[in-house]
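Just below is one structure, and these are the notes that go with it.
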Amino acid sequence: MKLTFFGAAKAVTGSCHCLEVGGKKILIDCGLQQGRDERDNRVLDFAPGYIDYVIVTHAHIDHSGRIPLLVKQGFHGKIVTTRLTGQLMSIMLRDSAHIQESDAQWQNQKGKRAGRAPVEPLYTIADAEAALELVTTCEYGELVDLCEGVRLRFVDAGHLLGSACVELWLTEDGVTKKIVFSGDLGNRDQPIIRDPQYIDEADYVVMESTYGDRLHEVPESYTEALAAIIDETFARGGNVIIPSFAVGRTQELLYFIREMKERGLVRTHPDFPVCVDSPLANEATRIFSGDLHGYLDEAAIEALKGGALFQFPGLTLTESSEESKALNLDKASKVIISASGMCDAGRIRHHLKHNLWRPESTIVFVGYQAEGSLGRALLEGASSVRLFGEEIAVRARIVNFKGMSSHADRDHLLAWVGHFAPHPSHVFVVHGDAPVTEIFAQHLRDAGISAHAAEYEEVYDLAADRMLAAGVPLPPKAVSAVSGSPAYRKLESAGQNLLETIRHNKGGTNKDLAQFEKELMALIQKWDR
6 MKLTFFGAAK
16 AVTGSCHCLE
26 VGGKKILIDC
36 GLQQGRDERD
46 NRVLDFAPGY
56 IDYVIVTHAH
66 IDHSGRIPLL
76 VKQGFHGKIV
86 TTRLTGQLMS
96 IMLRDSAHIQ
106 ESDAQWQNQK
116 GKRAGRAPVE
126 PLYTIADAEA
136 ALELVTTCEY
146 GELVDLCEGV
156 RLRFVDAGHL
166 LGSACVELWL
176 TEDGVTKKIV
186 FSGDLGNRDQ
196 PIIRDPQYID
206 EADYVVMEST
216 YGDRLHEVPE
226 SYTEALAAII
236 DETFARGGNV
246 IIPSFAVGRT
256 QELLYFIREM
266 KERGLVRTHP
276 DFPVCVDSPL
286 ANEATRIFSG
296 DLHGYLDEAA
306 IEALKGGALF
316 QFPGLTLTES
326 SEESKALNLD
336 KASKVIISAS
346 GMCDAGRIRH
356 HLKHNLWRPE
366 STIVFVGYQA
376 EGSLGRALLE
386 GASSVRLFGE
396 EIAVRARIVN
406 FKGMSSHADR
416 DHLLAWVGHF
426 APHPSHVFVV
436 HGDAPVTEIF
446 AQHLRDAGIS
456 AHAAEYEEVY
466 DLAADRMLAA
476 GVPLPPKAVS
486 AVSGSPAYRK
496 LESAGQNLLE
506 TIRHNKGGTN
516 KDLAQFEKEL
526 MALIQKWDR
């Protein structure tokens, strides 16, 4: 009866833990490594064909994003999750696969003339669809006999629609132990979804620590604050641009806007237009508008009785690039919600290009902005940014809604784990930056709970309550030879922006497209040396 840590050990992304019991191997999550944590996502530290089950805590890509790779490399077992997580995975894994295919295509286009061997995408849409065929779902609170000696139950983690803590009862050689995986624990008093649910007992707990070293600022009344910003911006004749994560945060915003319209909070423009310009967000919103009983908080359930949670007069969901471009041709003031949330990709970059230089417009950030992201640069006061080869002056008002987080802070994490009675025999701290995991583990020890920050490839004997292998600290992320210097990496990023610009011009006049192609070929011939 063993537990091994293969991901999110002293790191935030790439969650992946492996249980071995009764001859079966069970993964809890199999997520993509991202950002500062990213290494070689292609390398799995175990044989996929020998994994029997994957249990998924929630649909976010850092918890589910390598499942199609797992299938591509030989996994053919069962994937178990909640009903709503299964539905969200169906769109998110396909979207992730599309990104993988597009990235590989772009790399191959630039590598062909350099004589480099073609690269394969991490996985394809076909791999994602094959993975989704293996998904089976159940509801919160349902006891499931996964296999002989393993019983599981999902408990609402309050982080994302369908997100779950996982209770597992493991029996081997007459010994039974209970282990709980927290997944990502949500912040309290969020709209739409419920607060994280408490669990009474466990022998072991594997828990996240994303914000284990800090407290969230006391949240504002987001509805009233956002209404005031919209009023002020429209009075100046500008647009309100909101970079937002497609799944979860966008739906929260629609919930807030629905409320402010019902209450008439935007007094000068009560019928103001709102556009969600993100195909993935639109698909997710349709899922959020389906059968949500058993997944919502009481206020959301009450609101649901009066109609759809996320529909209101003046709302438009755009799908095509032509519809997206038309938003910036229309001079009327509007609210535009678009992905990506950190402004590093997606349609939001076009809306920033058309609005950052306008002092009458407002850019509202409603989520975490990672170091090195365009969103972080704007929050830190950049006077100009580069978008699609142009230097764009930052004259718009920049607003940051602090405290709007979907992760529990230190005190909420401590309250959740403190509810176990008696204390677990041991708590393994994961899913946090290395210093944060150590800080939070110390907070637990100060509270009288045995705990430590787990290391990569650490192995623990759950039956005997002892460590079998101490694990190893992960080396700093290596920069590949292909990546080259920082200037070269910026050039690669510019190339990706160019491809996005080309796609955005689909449907243009033949004259304009011919001129674009002529100028582009002249640039290529100049630098192809």
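The working numbering applies: residue 6 is where the sequence shown begins, and numbers increase by one.
We put the beta carbon where it would ideally sit given N, CA and C, even for glycine.
Worksheet item: Would the beta-carbon of residue 36 fall within 8 Å of that of residue 69?
Response: Yes, these two residues count as a Cβ contact at 8 Å.
Worksheet item: Applying the criterion that 16 or more other CB atoms from any shown protein chain within 10 Å of the CB defines a buried residue, is residue 532 buried or exposed?
Response: exposed
Worksheet item: Which residue from 214, 232 and 457 puts its Cα closest to that of residue 270?
Response: 232
Discussion item. Restricting to Cα atoms, I'd like to know which of 442, 314 and 75 is closest to residue 418.
Written reply: 442
Worksheet item: At which residues does the alpha helix (DSSP H) containing residue 111 begin and terminate?
Response: 88-117
Worksheet entry | Within-8 Å CB hit, residue 100 to chain D | As a matter of chain content, chain D is missing from the structure shown, which is built from one protein chain.
Worksheet entry | Top-ranked residue by Cα proximity to residue 112, from 528, 399, 518 and 499 | Its Cα nearest to that of residue 112, the residue 499 stands out among 528, 399, 518 and 499.
Worksheet item: Does the count of Cβ pairs from the segment 405-415 and the segment 175-191 closer than 8 Å reach three?
Response: yes
Discussion item. Given a cut-off of 8 Å on the beta-carbon distance, is the pair residue 244 and residue 366 in contact?
Written reply: Going by C-beta atoms, residue 244 is nearer than 8 Å to residue 366.
Discussion item. Which residue marks the beginning of the beta strand (DSSP E) containing residue 142, and which one marks its end?
Written reply: From DSSP, the beta strand (DSSP E) with residue 142 extends over 140-143.
Worksheet item: Where do the N-terminal and C-terminal ends of the beta strand (DSSP E) with residue 454 fall, by residue?
Response: Segment: none, residue 454 is in no beta strand (DSSP E) and carries neither H nor E.
Worksheet entry | Separation of residue 109 from residue 485, as counted between CA atoms | Only weak support is given to the placement of residue 485: the predicted model assigns it a pLDDT of 39, under 50, and the question is left unresolved by the model.
Item to complete: Specify the secondary structure class of residue 133 as computed by DSSP and reduced to three states.
Response: helix
Fill in: Rounded C-alpha distance that separates residue 91 from residue 141
8 Å
Worksheet item: Does any heavy atom of the ligand PLP sit closer than 7 Å to the C-beta of residue 165?
Response: For the ligand PLP, the structure offers nothing, since it holds no ligand at all.
Discussion item. Which residue wins for smallest C-alpha separation from residue 478, given the options 439, 58 and 454?
Written reply: 439
Discussion item. When you compare the CB positions of residue 401 and residue 363, do they come within less than 8 Å of one another, or not?
Written reply: Yes, Cβ-Cβ distance for residue 401 and residue 363 is below 8 Å.
Discussion item. Taking a contact to mean a Cβ-Cβ separation below 8 Å, would you say residue 13 touches residue 422 in this structure?
Written reply: No; because the gap between Cβ atoms is not below 8 Å, this pair is not in contact.
Discussion item. Is the separation between the beta-carbon of residue 379 and that of residue 209 shorter than 8 Å?
Written reply: It is not a contact, given that the beta carbons lie outside the stated cut-off.
Worksheet item: Is there contact here, the segment 313-324 with the segment 271-291, by at least three beta-carbon pairs under 8 Å?
Response: Judged by Cβ distances under 8 Å, the segment 313-324 makes contact with the segment 271-291, as three or more pairs qualify.
Worksheet entry | Among 211, 137 and 172, nearest to residue 149 - alpha-carbon criterion | Ranking the options by Cα distance to residue 149, first place goes to 172.
Fill in: Reference residue 338; option with closest CA among 427, 180 and 241
241
Practice prompt. Report yes if the C-beta distance between residue 424 and residue 454 is below 8 Å; otherwise report no.
Written response: No, the pair does not count as a contact, with Cβ atoms beyond the cut-off.
Discussion item. Quick check: the segment 44-57 against the segment 85-103, are at least 3 beta-carbon pairs closer than 8 Å?
Written reply: No: the two stretches stay apart, fewer than three of their Cβ pairs being nearer than 8 Å.
Item to complete: Assuming residue 19 contacts residue 67 (C-beta within less than 8 Å), just tell me the rounded distance between them.
Response: 6 Å
Worksheet item: Name the DSSP beta bridge partners of residue 363, please?
Response: In DSSP, residue 363 forms no bridge with anything.
Worksheet item: Do the CB positions of residue 459 and residue 476 come within less than 8 Å of each other?
Response: yes
Worksheet item: From residue 203 to residue 507, what distance separates their C-alpha atoms?
Response: 50 Å
Worksheet entry | Span separating the alpha-carbon of residue 236 from that of residue 399 | 21 Å
Discussion item. Would residue 57 and residue 29 qualify as a contact pair, given that the criterion is a beta-carbon distance under 8 Å?
Written reply: yes
Worksheet entry | residue 20 - DSSP class collapsed to helix/strand/coil | Looking at residue 20 - three-state DSSP - the assignment turns out to be coil, as it is neither helix nor strand.
Fill in: Assumed close pair residue 63, residue 165 - CB separation to whole angstroms, cut-off 8 Å
5 Å
Fill in: residue 526 classed as buried or exposed, judged by whether at least 16 other C-beta atoms fall within 10 angstroms
exposed
Worksheet entry | Cβ-Cβ distance between residue 344 and residue 250 below 8 Å | yes
Fill in: DSSP-derived helix/strand/coil call for residue 327
helix
Worksheet item: Roughly how far, in whole angstroms, is the beta-carbon of residue 346 from the beta-carbon of residue 372, given that I think they are within contact range, below 8 Å?
Response: 5 Å
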